[in-house]
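For reference, the structure is listed below as structure tokens.
2 protein chains.
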Amino acid sequence: MKISMSHGAGGEMMQNLISEIILSNIQKKSVNGGVGLDDLDDAASIPLDGYEIVISTDGHTIDPLFFPGGDIGKLAISGTINDISVMGAKPLAIANAMIISEGFNSEELERIIKSMDQISQETGTSIITGDTKVMEQGKLDKMVITTTGIGIAEKGKIIRDNGLEVGDKIILTGSIGDHGIALMAYREGFGFETSLKSDVAPIWEIVEAALEIGGVKAMKDPTRGGLANALNELAEKSSVGMIIEEDKIPIKEEVRAVSEMLGIDPYEVANEGKIVMGVESELADDILKVIRRTKYGAEAEIIGEVTEEKHVILETSLGGKRIIEAPIADPVPRVC
Amino acid sequence: MKISMSHGAGGEMMQNLISEIILSNIQKKSVNGGVGLDDLDDAASIPLDGYEIVISTDGHTIDPLFFPGGDIGKLAISGTINDISVMGAKPLAIANAMIISEGFNSEELERIIKSMDQISQETGTSIITGDTKVMEQGKLDKMVITTTGIGIAEKGKIIRDNGLEVGDKIILTGSIGDHGIALMAYREGFGFETSLKSDVAPIWEIVEAALEIGGVKAMKDPTRGGLANALNELAEKSSVGMIIEEDKIPIKEEVRAVSEMLGIDPYEVANEGKIVMGVESELADDILKVIRRTKYGAEAEIIGEVTEEKHVILETSLGGKRIIEAPIADPVPRVC
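Residue numbers (UniProt numbering), protein chains in the order written: chain A, 1 to 336; chain B, 1 to 336.
If you want it as structure tokens, here you go:
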């Protein structure tokens, strides 16, 4: 079999590749009973005395490297911080491995590093180690960055992606589709002006605020595969369903317009600064309130609730119902 | 400035790129006073109660992916385990981020994963999390793998690369040059038969045996830049010199012959299963004895000793002396 773009696009085809080629050929997949490879959560964990060390790794191949709202450096650090954060762990440190093409401009590299530094400072996360490799011209398109995050939580306090229970409320922390659609619009080089920008941002502040209230049952950041994938993964892993109100899903008018023009479902494209959170019903309003006070959470909404039937159902604005399926793959390649 | 191959080759040019573009633009470079980015050690550390969590990351771009003695999977896991090991920390877990070219053969991917699994099992290190991305055909040569290792040591027990003192003995755990020269010979497609194989192997067993004796002052695995770079880094960081006996450096006859034919200094090419270790003089023989009993340490030798003058001096077989300089760059590109 030949690997195709869809195998890296966060949907069903990627899940299949991962379970058939990777998971089935690895024997040792967890440490001390922590979250491991088989769990396919946003990060893994290593229990250690009173703590859980939380680890997540992510390769970044985004094209172009600089885009409206950010660049590969901001994306790499934010994305890794977010994967640690949705486990309910405080991000502490980043390991930064860069592979650069021969002939790459060092001024552009410097811009990217400065961008990483900015997110590191904003979140109080240190970049403690790294690696730099160079590949011959023609062997790599510009550069790729793999960042690995290390975070920490009290033992037993990490949040998994399978903890939803019937009756829990679903919070979405802001507007959907911005990253994928902004990237796509920019790459297509639309002739008209668009103010669309990626939402790339670190969301630890949001998570921290929510955890202080308590009652957070499950979280996921809707990156590859978008909101559709995140909701389905959360539901499937918790063996529950959801009912989501379309009217409540924050979405920018321009994102909706460009999506329609491109024929892309905005629920299926990557977001880089959002969280989908399942919370205890009685605490949902309190959590929403504190999230809205954070830098990146002002537009948060309760978009639905957890149900018994095993589907993610969308109640449309017109009063109809349709199933939100997990996408086969992200419709927009190389957005992260 | 355009990035060149030498900027990724482990020598002086890489050091300059790293300090001028990377280190100077990052503010937060360590956590809780642990080993951080500025230390440019083989790994970083995060002190946590009675422990130090040790983290190392490495991007692997080796060409070809399959070579005599191993493949990119074996190299990635071994290399990362080795970086954790030379810090004196027990390797616990690996995060595995793969970026694959569209059209890559899934059977080859499976071979690589199986190879990773084998080293993981041999060393008791788990592969606990990962990431898979795909890049369009023509944008990436086959695949790259970034592995990040997490290890653990008792607080204050990690071994740094700057702990050498005058009088310490230098142990080299086996023959030098095998990886770089085997790769080069294979790539050049020599018409004659060569039995040269990469030395790629995980060396935690060697480190563990040495640590049980005690008296280990500094360690480094001589990868990019080879033995010449490792000795110079150890000496420079400890503000000492060394005198090394050429006769004592284990080197295979065939490695010497091929090196001469290619005009490459075998001391300057990458090794992937060796350690250079500075140890207390009185314990050196005991340490050597236990190292020689391990799977990959049978040919270990005491190759020299730490001196006051700030150079790495080689006493040649003929009785002469010459300075071993840190190479400007590894003479063989893409060997790791």
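We treat Cβ as the ideally placed atom computed from N, Cα and C, and that holds for glycine.
The model shown is predicted, which means the values in this text are computed figures rather than measured ones.
Per-residue contacts from residue i into chain A (C-beta, under 9 Å)
| i | result |
| --- | --- |
| residue 136/B | 5, 63, 141, 333, 334 |
| residue 14/B | 132, 134 |
| residue 338/B | Nothing about residue 338/B can be reported from this structure: the residues present for chain B run from 1 to 336 only. |
| residue 2/B | 102, 103, 104, 105, 106 |
| residue 70/B | By Cβ distance, chain A contributes nothing, its closest Cβ being about 17 Å from residue 70/B, past 9 Å. |
| residue 30/B | 93, 126, 128 |
Contacts that residue i makes with chain B (C-beta to C-beta distance below 8 Å)
| i | result |
| --- | --- |
| residue 17/A | 106, 132 |
Through-space distance from residue j to residue i, alpha-carbon basis
| i | j | result |
| --- | --- | --- |
| residue 65/A | residue 133/B | 16 Å |
| residue 87/B | residue 108/B | 33 Å |
| residue 62/A | residue 335/A | 5 Å |
| residue 148/B | residue 317/A | 46 Å |
| residue 141/A | residue 135/B | 9 Å |
| residue 158/A | residue 158/B | 28 Å |
| residue 120/A | residue 294/B | 42 Å |
| residue 106/A | residue 8/B | 13 Å |
| residue 258/A | residue 250/A | 15 Å |
| residue 125/A | residue 77/A | 9 Å |
| residue 271/A | residue 267/B | 48 Å |
| residue 160/B | residue 145/A | 27 Å |
| residue 235/B | residue 170/B | 11 Å |
| residue 242/B | residue 313/B | 6 Å |
| residue 321/A | residue 302/A | 18 Å |
| residue 176/B | residue 252/B | 8 Å |
| residue 25/B | residue 45/A | 30 Å |
| residue 85/A | residue 13/B | 37 Å |
| residue 194/A | residue 224/A | 23 Å |
| residue 230/A | residue 331/A | 15 Å |
| residue 104/B | residue 2/A | 5 Å |
| residue 41/A | residue 190/B | 47 Å |
| residue 214/B | residue 22/A | 39 Å |
| residue 292/A | residue 299/A | 6 Å |
| residue 114/A | residue 29/B | 13 Å |
| residue 131/B | residue 282/B | 47 Å |
| residue 96/A | residue 315/A | 42 Å |
| residue 57/B | residue 32/A | 22 Å |
| residue 80/B | residue 255/A | 42 Å |
Beta-carbon separation (whole angstroms), residue i vs residue j, contact threshold 8 Å
| i | j | result |
| --- | --- | --- |
| residue 172/B | residue 182/B | At roughly 18 Å, the Cβ-Cβ gap does not stay under 8 Å, so residue 172/B and residue 182/B are not in contact. |
| residue 328/A | residue 6/A | 7 Å |
| residue 153/A | residue 54/A | 6 Å |
| residue 319/A | residue 296/A | Their Cβ separation, rounded to whole angstroms, is 32 Å, which puts residue 319/A and residue 296/A out of contact at 8 Å. |
| residue 324/B | residue 228/B | 5 Å |
| residue 216/B | residue 277/B | 6 Å |
| residue 71/B | residue 112/B | 6 Å |
Contact list for residue i against chain A, beta-carbon separation under 7 Å
| i | result |
| --- | --- |
| residue 110/B | 21, 25 |
| residue 49/B | 49 |
| residue 219/B | Here the premise fails: no neighbours, minimum Cβ distance about 16 Å. |
| residue 148/B | 57, 95, 148 |
Contact list for residue i against chain E, beta-carbon separation under 9 Å
| i | result |
| --- | --- |
| residue 200/B | Annotation note: the requested chain E is absent from the structure, which comprises protein chains A and B. |
Proximal residues of chain A, C-beta to C-beta of residue i below 8 Å
| i | result |
| --- | --- |
| residue 151/B | Per Cβ cutoff of 8 Å: no residues; residue 151/B is ~10 Å from chain A at best. |
| residue 114/B | 25 |
| residue 281/B | Residues of chain A passing the Cβ test: none, with the nearest at roughly 32 Å. |
One or two residues paired with residue i in a DSSP bridge
| i | result |
| --- | --- |
| residue 305/B | 169/B, 243/B |
| residue 96/A | 130/A, 147/A |
| residue 153/B | 52/B |
| residue 16/A | For residue 16/A, which the question treats as bridged, DSSP gives no partner whatsoever. |
| residue 59/B | 146/B |
| residue 90/A | 152/A |
| residue 277/A | 171/A, 219/A |
| residue 321/B | 315/B |
| residue 45/B | 54/B |
| residue 105/B | 2/A |
| residue 135/B | 101/B |
| residue 70/A | 67/A |
Cross-chain neighbours of residue i in chain B, by beta carbon under 7 Å
| i | result |
| --- | --- |
| residue 119/A | Ordered by position in chain B, no residue passes the 7 Å Cβ test against residue 119/A, which lies about 10 Å from the chain. |
| residue 361/A | Here chain A covers residues 1 to 336 and nothing more, so residue 361/A does not appear. |
| residue 129/A | 37, 43, 44, 55, 56, 57 |
| residue 226/A | Those do not exist, as residue 226/A stays about 16 Å from chain B at its closest Cβ, beyond 7 Å. |
Per-residue contacts from residue i into chain B (C-beta, under 9 Å)
| i | result |
| --- | --- |
| residue 144/A | 59, 99, 133, 135, 140, 144, 146 |
Residues in the segment 81-105 of chain A with C-beta within 8 Å of chain B's C-beta atoms, listed in sequence order? 92, 93, 95, 96, 97, 98, 99, 100, 101, 102, 103, 104, 105
Contact set between the segment 259-278 of chain B and chain A, restricted to residues whose Cβ is under 8 Å from the partner: none
Report the residues of the segment 179-198 of chain A with a CB closer than 9 Å to any CB of chain B, ordered along the chain. none
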